[in-house]
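Below: the structure, in structure tokens.
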Amino acid sequence: MSTEPLASFESSLDEVGVELVRTTADRFESALAPLVSTPAVGASLPFEDVSLPDAVETDPTVAELDAADTGVTAAGYGIADYGSVVIQGGADGEEPVSLYADEHVAVVAASDVLPDMDAAFDRLAEDIRGGTGQAIIATGPSATADMGALVKGAHGPMDVTVVLVEDR
Amino acid sequence: MSVDDRRRKAERIRHLLDTEGDSVQGNTQVFNEGRYESTADLEDYEALKDEARAIKEDAIERLPELVDRVTEAVEANGGTVYVADDAADANRYVTEVVDGRDVVKSKSMTSEEIEVNGALEASGADVWETDLAEFVLQVADEAPSHIVAPAIHKSREEIASLFNEVFDPDEPLETAEELTRFAREHLGERILDAEVGMTGANFVTADTGTLALVTSEGNARKCVQATDTHVAVAGVEKLVPSVEDLQPFVELIGRSGTGQDITSYVSLFTPPGDSPTFGGDGDLGSGDDREFHLVLIDNGRMEMREDDDLRETLYCIRCSACANSCANFQHVGGHAFGGETYSGGIATGWEAGVHGEDSAAEFNDLCTGCSRCVNQCPVKIDIPWINTVVRDRINRGKNGNLDFLVEGLTPDEEPGGLDLQKRLFGNFDTLAKLGSAFAPLSNWVARSSVGRTVMERTVGVDSRRELPSFERESLVEWFEDRGPRVSPDEARRQVALYPDAYTNYVRTERGKAAVRVLEALDVRVDVPAAGESGRAPFSQGMVATARSNAESVYDALAPAVAAGHDIVVIEPSDLAMFRREYERLLPEDDYVALRDHSYELMEYVYGLLENGADADALPDGDGQGVAYHSHCQQRTLGLEPQTVAVLEARGFDVTTSDVECCGMAGSFGYKSEYYELSVDVGESLADQFTTDETADRTVVASGTSCLEQLDALLSRRPAHPVRLLDTR
């Protein structure tokens, strides 16, 4: 794929206050390690030869979920123009894991970074018709200005990091 | 309206200006400026709006079919669809589903519309609002004042003292951060315990039964995920045909509303979802058995669909751009500018459709028709038109006797019983004609204290407002005596200068200057006797009278158009009539002919200079500093830059205002019930022209109302920009 969407993805993420960490499958674990502060929870990753370290609890209780510092999930794809990641999945717990921890780490394959909203909705429509019950277009951390100033982490994570796996 | 009613209304507005105005103004302006910035970044903003509008037009046209399709889709997914006739029907169904269990809710104006919280609580259920602004209002027991930021009228300090009083925390809460953390934790526990999650839906796709929820906090996601039953309430108009149709809305809604390119979360849920729920035993429970109920609410919408004038309201995506771009809303907020549920520009359509005209009548007059919202609406709804139509219907709904006092002044097409004040301002042409015929006596009487008292008591003309002073000789009479000074053979162009009622009878000097400037550029000018454009009755909701005025104006100007002459218009609000509103008032061919041949005065001068007219025939500005206030309708038409360009080309140093509207807005600033709001809005403009940088500049403004307002608020006397170019 051309490098253009990746460059634009990186600058869009920067604008919404999200760090991008680029890595490959064989260096994934060392790239992820500094991003995970425990207690950590996760949902298993669908990429071949990529897995979560043991320190990440993939079958958390409600209390563990609530107490987690970091939550790691895959993202179905990224949207370069907006710096968004699309969080899909269901029964494996992608939604609570990406929502309750203070920091959400989203892992996305470089080949799944789409240039714009048009391309994203082509994929979304296909996925939804194929049975994907949930797709959250997430852009930056949770935020509110309802209390008189912008505050991150209103109900969801206050920090987001995207890990881009480049050889996928 | 009686004197007492006017006084009560003025008092209520004054109270809101004092208590809520500052918060609303600060917050809406952040949204407003954000929208201008964010939409400017879109390469294809206009095309995206067209696409969004086309999708809504099509969806509303096919609504019954889409209701059937979504029912099939949701049922195939394992959920239930209930189409509720009205609020009571919806609440009965929701109460049955909830069955006394605890409910956590994310923000939904539709649920406010049906007042579901009250119904659920009456049935024994606990209901918690989890959107932080809605939570604040729930704790304060107040109604929303804005459709996107419901607690926009509350400052951080007010929220802090509210929370400290109600919750009595160990350490008093103070910062936005502390307040947010507190609310998050407090609501987090409610979310853990609740069994039912209730949401609205910004859009629902008929093909797949997918809900699109546009949020920033994450609470809607939690409400859906944590609970065993999901109830979504949505007006039937939220249906769009397919998932692909969501794309333009996702790109437009955040930009239009809060000025963000996109909100933190756009959730596409195709329920019932299988995300784990929070079971009672501390483990994540299986989400496989989650129930889902989609409650589609009619509550007057299907009737609105059949109504040619209200139908467009159903295209509304509730982004709030019309409220945020409205000068009056910015100053007074949704507790004045709203009905039972909805607030801001489009609220008139919603309230008239779902709660009836009485609810719309309370605030409908706060729309001055300035049209600043028109270009801001992502689905291109003509919001001022909806406001005018509803005003007309409210006028016609009233019974009463035609008052003898104004009978001679009201040769209009309106029903008896129409509010006297509206009738007076709506027939300004007649008033001005008489005022001019009897000047200076008429001016003397109108300014006498007896005259002012009578006017205030009978028609609510505020005695603090200076009245226009009528000229004995009208512009048309002056020109008849003087005649044209450029021969047809030598003329570069030939124009008919449209004598609007103010220029003709009150501000004749700007009309004379316009004639001289055009002639200096070798244009042959005629000033045909043409009556008032219809703007005056139109702004009072007197549509039939406006139509009859428009027809007369067309008859007066048609010969010039037929002869291939151009029509030059001094007053921007009249040009806006020709270019926009006449589409609703004249036969299509007449409208198009007049529209295509009409120009704003400075736009026309700009065109002449661009096409080789000798600019040196006009005075040299020689670096003189000018502070220019365009006109709201002129800006909507995109005609501010031409005036600036002409003045700069002649060597003036120009700075411009960026407030949405001056607040005078035709008759609005004269009305005693609105005088203080009008001045409050005007102060924002006056502030821009009294800074260190602007205080010494010559003030010019394009519109009559703008000039009246600036004249009242500044010590410098403002003038129309054409006066700077006058060769006299």
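Protein chains in written order, with the numbering used here: chain A, 13 to 180; chain B, 993 to 1720.
Positions of the beta carbon are idealized from the N, C-alpha and C atoms, including for glycine.
Using the three-state DSSP reduction, which class does residue i fall into: helix, strand or coil?
| i | result |
| --- | --- |
| I1559 (chain B) | strand |
| F1284 (chain B) | strand |
| Q146 (chain A) | strand |
| F1261 (chain B) | strand |
| E96 (chain A) | Contrary to the premise, residue 96 (chain A) reads as Ser rather than Glu in this sequence. DSSP places S96 (chain A) in strand when its eight states are reduced to three. |
| L1513 (chain B) | coil |
| S1590 (chain B) | strand |
| V1366 (chain B) | helix |
| T1450 (chain B) | helix |
| E31 (chain A) | strand |
| R1385 (chain B) | helix |
| I140 (chain A) | helix |
| D1395 (chain B) | The pLDDT assigned to D1395 (chain B) is 48, lower than 50, so where the model puts this residue is not dependable, and the model offers no usable value. |
| L1610 (chain B) | coil |
| Q1616 (chain B) | coil |
| R1709 (chain B) | coil |
| H1323 (chain B) | helix |
| G1418 (chain B) | helix |
| W1436 (chain B) | helix |
| T1647 (chain B) | strand |
| G1330 (chain B) | strand |
| D1133 (chain B) | coil |
| I1052 (chain B) | helix |
| A121 (chain A) | strand |
| Y89 (chain A) | strand |
| A1198 (chain B) | coil |
| Y1494 (chain B) | helix |
| I1183 (chain B) | helix |
| T1635 (chain B) | helix |
| L1034 (chain B) | coil |
| R1720 (chain B) | coil |
Who does residue i pair with in a DSSP beta bridge?
| i | result |
| --- | --- |
| H116 (chain A) | A:G83, A:V172 |
| E69 (chain A) | A:V53 |
| H1621 (chain B) | B:A1693 |
| G1189 (chain B) | B:V1096, B:H1222 |
| I1144 (chain B) | Paired residues: none, contrary to the question. |
| K164 (chain A) | A:A155 |
| T1686 (chain B) | Per DSSP, none; premise fails for T1686 (chain B). |
Can you round the beta-carbon distance between residue i and residue j to whole angstroms, since I take them to be within the 8 Å contact cut?
| i | j | result |
| --- | --- | --- |
| A1313 (chain B) | S1248 (chain B) | 4 Å |
| R1213 (chain B) | S1259 (chain B) | 6 Å |
| A1226 (chain B) | G1192 (chain B) | 6 Å |
| T1628 (chain B) | R1444 (chain B) | So it is not a contact: roughly 34 Å between Cβ atoms. |
| A1424 (chain B) | A1522 (chain B) | With a Cβ gap of about 13 Å, A1424 (chain B) and A1522 (chain B) do not count as contacting. |
| E1012 (chain B) | S1137 (chain B) | 7 Å |
| F1241 (chain B) | F1195 (chain B) | 6 Å |
| G1330 (chain B) | L1302 (chain B) | The pair is not a contact, with the Cβ atoms about 17 Å apart (cut-off 8 Å). |
| A80 (chain A) | T70 (chain A) | Actually they do not touch by this definition, with Cβ atoms about 12 Å apart. |
| A1538 (chain B) | L1577 (chain B) | 6 Å |
| V119 (chain A) | A86 (chain A) | 5 Å |
| L176 (chain A) | V62 (chain A) | Contact flag wrong, Cβ pair sits at about 12 Å. |
| N1387 (chain B) | G1361 (chain B) | Not confirmed; about 15 Å, so no contact. |
Sequence ranges, beta strand (DSSP E) only - wholly within the region 1083-1127 of chain B, length at least 3: 1095-1097, 1119-1121
The region 1275-1287 of chain B contacting the region 1230-1244 of chain B, beta-carbon criterion three pairs below 8 Å: no
Sufficient close CB pairs (3 or more, under 8 Å) joining the region 1532-1552 of chain B to the region 1510-1517 of chain B: no
3 or more residues per run - each beta strand (DSSP E) lying fully within the region 1210-1270 of chain B: 1221-1227, 1257-1261
The region 1669-1681 of chain B touching the region 1316-1331 of chain B, judged by at least three CB pairs closer than 8 Å: yes
Length-filtered (3 minimum) beta strand (DSSP E) runs lying within the region 1334-1363 of chain B: none
Inter-stretch contact at 8 Å, needing at least 3 Cβ pairs: the region 1024-1039 of chain B / the region 1680-1689 of chain B: no
Contact the region 1615-1628 of chain B vs the region 1563-1573 of chain B: 3+ CB pairs below 8 Å: yes
contact_flag[the region 68-79 of chain A, the region 131-149 of chain A] where n(CB pairs < 8 Å) is 3 or more: no
The region 1709-1719 of chain B touching the region 1638-1655 of chain B, judged by at least three CB pairs closer than 8 Å: yes
Touch test, the region 1283-1296 of chain B against the region 1056-1070 of chain B, Cβ-Cβ under 8 Å, three pairs minimum: yes
The region 1454-1465 of chain B touching the region 1496-1506 of chain B, judged by at least three CB pairs closer than 8 Å: yes
The region 1422-1439 of chain B contacting the region 1475-1488 of chain B, beta-carbon criterion three pairs below 8 Å: no
Stretch-stretch touch, CB-based, cutoff 8 Å, three pairs: the region 1645-1656 of chain B with the region 1342-1355 of chain B: no
At least 3 beta-carbon pairs within less than 8 Å: the region 1079-1093 of chain B vs the region 1174-1185 of chain B: no
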